[in-house]
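Engineer: Numbering (the working numbering), first residue to last: 2 to 252.
Structure in structure tokens, see below.
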Amino acid sequence: TFSVCPPAERGPIIAHLASATGDSADAFTTVLKLSDTTLPLHIPDGAVALQTDVGAVEAFRLYVKQIDSIPALSQAVNQYFRDRDKNIGALPIYLTEDQNTSHVEIALEDNRLAFYIWDGVTRGLGLERMCASIEPRVDDIEPILRGAAHYFWHLHRTPKRGTLRHKIHVEFTKLKETDEYDDYLLPILQPDGPNLVENDRVDLAADDSTMYGLKVVNHSNVPLYASIFYFDSSDLSIGTITLLLEQLSTE
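Shown next, in the form of structure tokens:
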């Protein structure tokens, strides 16, 4: 479900013009169908469509063994549900009774809330618990719920089938310094060794001296700009990676 909203130059988008559902989609375009076609509607230029609801599979799935036994957590979840009704575009949370299908489990341990990771992608990389625990306070819990919903929604947005997915090649290699320098008098680096990506994964033990480089090769005929994000499962944050682009070209 999508909410069609007028353009906003700054601040949160709170106005709502109409509801719509996805009718068809391709790599760069989604066609929306208005939920109520009997309503007269003028959509201004620059209007946006924000996704307001997803199914249980796409939503952030939270497992709590006995949520009523943790009053602050129960209150925080209910507050999130109420606030989401007022905040267009906020991502949903689905309370599941199945621990194995959840993304995160919250448990009370020594009067603090611990966060266990059950998401298959994250757990498969070796992280089974967030490093930090928190006091059971509503104001501390609610931002984590919001961040977790945002994190897992974007983590699992990769389509299983995609027009361009198999035309993008990623290389991750060690780097070594050369005898040449750039305009900032920094040594120019070049690959040193094979591509470390195996089965879409890089398994390495990082140290303070070894440098690594990431290369993204576009084998399609469509010019692309690479926006690369870093998903940190230890605190459920998403950061950006700055790219140094020497030239824009396809190979």
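Heads up, the beta-carbon is just placed ideally off N, CA and C, and yes, glycines get one too.
The structure displayed is predicted, hence computed values, not measured ones.
Spatial neighbours of Y95 within its chain, please: CB distance less than 8 angstroms, with the 5 preceding and 5 following residues excluded, ordered by chain position.
Structural biologist: Here the question's residue 95 lines up with position 94 in the sequence shown. Correct list, in chain order: A57, A60, F61, R62 and L63.
Engineer: Look up N219 in the DSSP assignment and say whether it is helix, strand or coil.
Structural biologist: Here residue 219 refers to the residue found at position 218 when the sequence shown is read from its first residue. Looking at N219 - three-state DSSP - the assignment turns out to be strand.
Engineer: May I ask you to list the residues that DSSP assigns as paired with A50?
Structural biologist: Locating residue 50 in the sequence shown gives position 49, where the first residue counts as 1. Bridge partners of A50: V5.
Engineer: On the three-state DSSP scale, how would you describe D24?
Structural biologist: Stepping through the sequence shown from its first residue, residue 24 is reached at position 23. Looking at D24 - three-state DSSP - the assignment turns out to be strand.
Engineer: For R138, collect the residues of the same chain with a Cβ closer than 7 angstroms to its Cβ; drop the 5 residues on either side in sequence, then sort them by chain order.
Structural biologist: Position 137 of the sequence shown, counting from 1, holds the residue named residue 138. Counting only Cβ-Cβ distances below 7 angstroms, and skipping sequence neighbours, we find A73.
Engineer: Within its chain, find whatever has a CB closer than 6 angstroms to the CB of G240; leave out the 5 residues flanking it on each side and keep chain order.
Structural biologist: The residue given as residue 240 occupies position 239 in the sequence shown. The answer, listed in chain order, is Y231.
Engineer: Locate the beta strand (DSSP E) running through D111, then write down its first and last residues.
Structural biologist: Reading the sequence shown from its first residue, position 110 is the one you call residue 111. Where D111 is concerned, there is no enclosing beta strand (DSSP E), given that its DSSP letter is neither H nor E.
Engineer: Could you tell me if T174 is buried or exposed, where buried requires 16 or more neighbouring beta carbons within 10 angstroms of its beta carbon?
Structural biologist: In the sequence shown, the residue the question calls residue 174 occupies position 173. With 16 or more other Cβ atoms within 10 Å, it is buried.
Engineer: Here's the rule I'm using: 16 or more other beta-carbon atoms within 10 Å means buried, otherwise exposed. How should I44 be labelled?
Structural biologist: Taking the sequence shown and counting its residues from 1, one reaches residue 44 at position 43. Classification of I44: exposed, given that the 10 Å Cβ count is below 16.
Engineer: DSSP three-state label for I68, please.
Structural biologist: Residue mapping note: residue 68 aligns to position 67 of the sequence shown, counting from 1. DSSP places I68 in helix when its eight states are reduced to three.
Engineer: How long is the line joining the alpha carbons of D180 and P192, rounded to whole angstroms?
Structural biologist: The residue given as residue 180 occupies position 179 in the sequence shown. The residue given as residue 192 occupies position 191 in the sequence shown. Their Cα atoms are separated by approximately 14 angstroms.
Engineer: Residues bridged to V238 by DSSP?
Structural biologist: Mapped onto the sequence shown, residue 238 falls at position 237. Per the sequence shown, the amino acid found at residue 238 is Ser instead of Val. In DSSP, S238 forms a bridge with D233.
Engineer: Is the beta carbon of L197 sitting closer than 9 angstroms to the one on D208?
Structural biologist: One-based indexing of the sequence shown puts residue 197 at position 196. One-based indexing of the sequence shown puts residue 208 at position 207. No, these two residues do not count as a Cβ contact at 9 angstroms.
Engineer: How far does the beta strand (DSSP E) with F173 in it reach, from first residue to last?
Structural biologist: Here residue 173 refers to the residue found at position 172 of the sequence shown. Counting along the chain, the beta strand (DSSP E) containing F173 begins and ends at I169 to Y182.
Engineer: Among all the DSSP beta bridges, which residues are the ones paired with G148?
Structural biologist: For the purposes of this step, residue 148 is taken as the residue at position 147 of the sequence shown. Per DSSP, none; premise fails for G148.
Engineer: Among P195, M131, N219 and N200, which residue has its Cα nearest to the Cα of S228?
Structural biologist: Within the sequence shown, residue 228 is the residue found at index 227, counting from 1. It is N219 whose Cα lies nearest to the Cα of S228.
Engineer: What separation, rounded to the nearest whole angstrom, lies between the Cα atoms of E98 and Q52?
Structural biologist: For the purposes of this step, residue 98 is taken as the residue at position 97 of the sequence shown. For the purposes of this step, residue 52 is taken as the residue at position 51 of the sequence shown. If you take the alpha carbons of E98 and Q52, they lie about 25 angstroms apart.
Engineer: Quick check: the Cα distance between L215 and L190, rounded to an integer number of angstroms?
Structural biologist: Looking up residue 215 in the sequence shown gives position 214. Looking up residue 190 in the sequence shown gives position 189. L215 and L190: Cα-Cα distance of roughly 12 angstroms.
Engineer: Can you tell which of S134, T123, M212 and I135 has the C-alpha that lies nearest to the C-alpha of Y152?
Structural biologist: As a first step, residue 152 is located in the sequence shown; it is residue number 151 there, counting from the start. When only C-alpha atoms are compared, the closest one is T123.
Engineer: If A108 and K66 are in contact, beta carbons under 8 angstroms, what's the gap, nearest whole angstrom?
Structural biologist: Counted from its first residue, the sequence shown places residue 108 at position 107. Counted from its first residue, the sequence shown places residue 66 at position 65. Contact flag correct, Cβ pair sits at about 7 angstroms.
Engineer: Under 9 angstroms between C-beta atoms, does I94 make it to chain B?
Structural biologist: Going by chain labels, chain B is absent from the structure shown, which holds only one protein chain.
Engineer: Is it right to say D120 is buried, meaning 16 or more other beta carbons lie within 10 angstroms of its own, or is it exposed?
Structural biologist: Numbered from its first residue, the sequence shown carries residue 120 at position 119. D120 is buried by the Cβ-count criterion.
Engineer: How far does the alpha helix (DSSP H) with V32 in it extend, from its first residue to its last?
Structural biologist: Walking along the sequence shown from the start, residue 32 turns up at place 31. No alpha helix (DSSP H) holds V32; the beta strand (DSSP E) holding it covers T31 to L35.
Engineer: According to DSSP, simplified to helix, strand and coil, what is R202?
Structural biologist: Within the sequence shown, residue 202 is the residue found at index 201, counting from 1. Correct three-state label for R202: strand.
Engineer: For the candidate residues E199, P188 and L186, whose alpha-carbon lies nearest to that of V171?
Structural biologist: Sequence index remark: in the sequence shown, residue 171 carries index 170 (1-based). Considering only alpha carbons, the answer is E199.
Engineer: To the nearest angstrom, report how far apart D183 and K177 are at their CA atoms.
Structural biologist: By one-based count along the sequence shown, residue 183 stands at place 182. By one-based count along the sequence shown, residue 177 stands at place 176. Using only the alpha carbons, I get a separation of about 15 angstroms.
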